[in-house]
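Asker:
Numbering (full-length UniProt numbering), first residue to last: 1 to 394.
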């Protein structure tokens with residue numbers, strides 16, 4: 001067989017053009033983990049190269065649950081084999097997903113094996129470009145199991161791309177003497193606000209660029225207790241219980257790198273960020289859809305100096321006033337702008353607008369205006385000559 005005569009590097013290069021399923025069909029990869037193999041067999045040596053290539057440059061999923069999607073599955077037993085035989089692979093991405101739903105292995109037992117067999121440390125020794133860790137526990141596990149997995153993740157000697165912790169249980173207190181280096185952090189702890197506060201208070205996560213705190217039941221008061229890291233680029237506070245966002249409960253002045261702020265689907269009635277700052281800010285996207293705003297927020301201070309996209313859809317707006325002068329995209333969809341025709345007098349919308357959504361705002365109801373009349377009025381009075389997308393149906 002000609003493959004026996006090829007150098008290992010050329011065999012590996014040839015196999016890199018095959019999909020995991022094709023490699024498995026040719027070399028029966030899964031059988032390698034179960035059979036007693038003759039390690040001196042030349043064909044077995046080729047199968048080991050195929051095994052490396054089977055996992056290399058792939059998106060791998062290590063999970064106790066049915067969560068594969070377009071991932072290549074890797075199991076605890078397979079990792080144990082690779083560790084025992086000191087076989088290193090080079091995946092493009094590794095995701096660890098632990099859940100208590102649709103499980104193939106009990107989540108507590110799965111956590112114990114990860115912790116006590118040093119399997120996760122072995123996995124992170126691979127030259128992996130991205131490592132993601134997701135922990136979703138809907139039905140409460142014990143305090144010890146949760147603490148163990150948090151300490152395990154904190155011991156990882158590389159930066160996590162993503163860490164997701166979704167926990168519905170109630171805990172009186174959890175020790176938070178750990179630190180996790182992560183880019184993208186998502187926490188959903190609606191049943192344990194004290195745990196969320198402990199994590200925040202102890203600076204457990206460092207150098208975060210993306211923070212998702214949606215669906216946590218965060219109130220106006222608890223928002224004021226958060227210490228948001230200056231490294232943030234994206235902040236998602238949607239689907240909480242906020243009613244008022246102002247300079248007293250939202251410390252925006254330190255967020256000089258923030259580019260996207262999502263406050264959609266709260267109960268916000270007042271949005272007042274009027275404080276002064278000499279800093280330069282990068283905020284380009286603000287989402288306030290699905291709230292209870294009656295008037296358009298005044299977005300004139302330094303924090304909004306670079307704002308390009310503003311979403312005010314599905315609020316209770318009935319009157320308009322001047323928007324920031326550098327906006328490119330604006331959505332007012334689903335408000336009640338029956339006085340729109342009389343309010344628009346040439347100084348409401350920025351001349352830079354390229355996308356404007358006024359659909360389902362009942363604009364033409366009172367004056368019985370046609371869509372064409374509304375469009376012509378906007379362009380001529382507001383001088384919106386850069387508009388490429390205007391939606392005014394409904």
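Think of the CB as a built atom: it goes at the ideal place given N, C-alpha and C, for glycine as much as any other residue.
1) Could you check where the beta strand (DSSP E) with residue 97 kicks off and where it finishes?
2) So, residue 167 versus residue 189, is the Cβ gap smaller than 7 Å?
3) Using DSSP with H/G/I as helix, E/B as strand and the rest coil, what is residue 162?
4) Thinking just about the alpha-carbon of each residue, which of 293, 305 and 262 is nearest to the one in residue 286?
5) Under the three-state reduction of DSSP, which class applies to residue 13: helix, strand or coil?
6) Answer with buried or exposed for residue 248, where buried requires no fewer than 16 other C-beta atoms within 10 angstroms of its C-beta.
7) Quick check: what's the CA-CA separation for residue 172 versus residue 196?
8) If you reduce the DSSP assignment to three classes, tell me which class residue 386 lands in.
9) Would residue 179 be called buried (16 or more neighbouring beta carbons within 10 Å of its own) or exposed?
10) Out of 283, 155, 238 and 182, point me to the one whose CA is closest to residue 291's CA.
11) Among residues of its own chain, excluding the 5 on either side of residue 206, which ones have a beta-carbon nearer than 7 Å to its beta-carbon?
12) Could you check the C-alpha separation between residue 273 and residue 111 for me, to the nearest Å?
13) If the criterion is Cβ atoms closer than 7 Å, does the pair residue 294 and residue 268 meet it?
14) Could you spell out the range, first to last residue, of the beta strand (DSSP E) harbouring residue 23?
15) Give me, in chain order, the residues of the same chain whose beta-carbon lies closer than 6 Å to that of residue 397; leave out the 5 immediate sequence neighbours on both sides.
16) Restricting to runs no shorter than 4 residues, where is the alpha helix (DSSP H) found entirely within the segment 210-265?
17) Among 53, 136, 92 and 149, which has the Cα closest to the Cα of residue 119?
Answerer: Taking the definition as stated:
1) As a working note, residue 97 is residue 97 in the chain shown. Start and end: 93-99.
2) The count along the chain shown starts at 1 and reaches residue 167 at position 167. The count along the chain shown starts at 1 and reaches residue 189 at position 189. Against a cut-off of 7 Å, the Cβ pair of residue 189 and residue 167 comes out as a contact.
3) Residue numbering aside, residue 162 sits at position 162 when the chain shown is read from its first letter. Residue state, collapsed to three classes: strand.
4) Residue numbering aside, residue 286 sits at position 286 when the chain shown is read from its first letter. Among 293, 305 and 262, the Cα nearest to that of residue 286 is on 262.
5) The count along the chain shown starts at 1 and reaches residue 13 at position 13. DSSP places residue 13 in helix when its eight states are reduced to three.
6) Here the question's residue 248 lines up with position 248 in the chain shown. Classification for residue 248: exposed.
7) Against the chain shown, residue 172 aligns to sequence position 172. Against the chain shown, residue 196 aligns to sequence position 196. Any reading at residue 172 must be qualified, since the residue scores a pLDDT of 46, below 50, and its modelled position is unreliable; no value is offered.
8) As a working mapping, residue 386 is identified with position 386 in the chain shown. Reduced to three states, the DSSP call for residue 386 is coil.
9) The residue given as residue 179 occupies position 179 in the chain shown. Burial call: exposed.
10) Here the question's residue 291 lines up with position 291 in the chain shown. When only C-alpha atoms are compared, the closest one is 238.
11) On the chain shown, position 206 is the one that residue 206 refers to. Hits under 7 Å: 179 and 181.
12) Translated into the one-based positions of the chain shown, residue 273 becomes position 273. Translated into the one-based positions of the chain shown, residue 111 becomes position 111. Cα to Cα, the separation comes out at about 44 Å.
13) The residue labelled residue 294 in the question sits at position 294 within the chain shown. The residue labelled residue 268 in the question sits at position 268 within the chain shown. Not a contact, by the Cβ cut-off of 7 Å.
14) By one-based count along the chain shown, residue 23 stands at place 23. Element bounds for residue 23: not the beta strand (DSSP E) but the alpha helix (DSSP H), 20-27.
15) No information on residue 397 is available, as it lies outside the stretch 1 to 394 that the chain covers here.
16) 220-223
17) Stepping through the chain shown from its first residue, residue 119 is reached at position 119. Cα-wise, what sits closest to residue 119 is 149.
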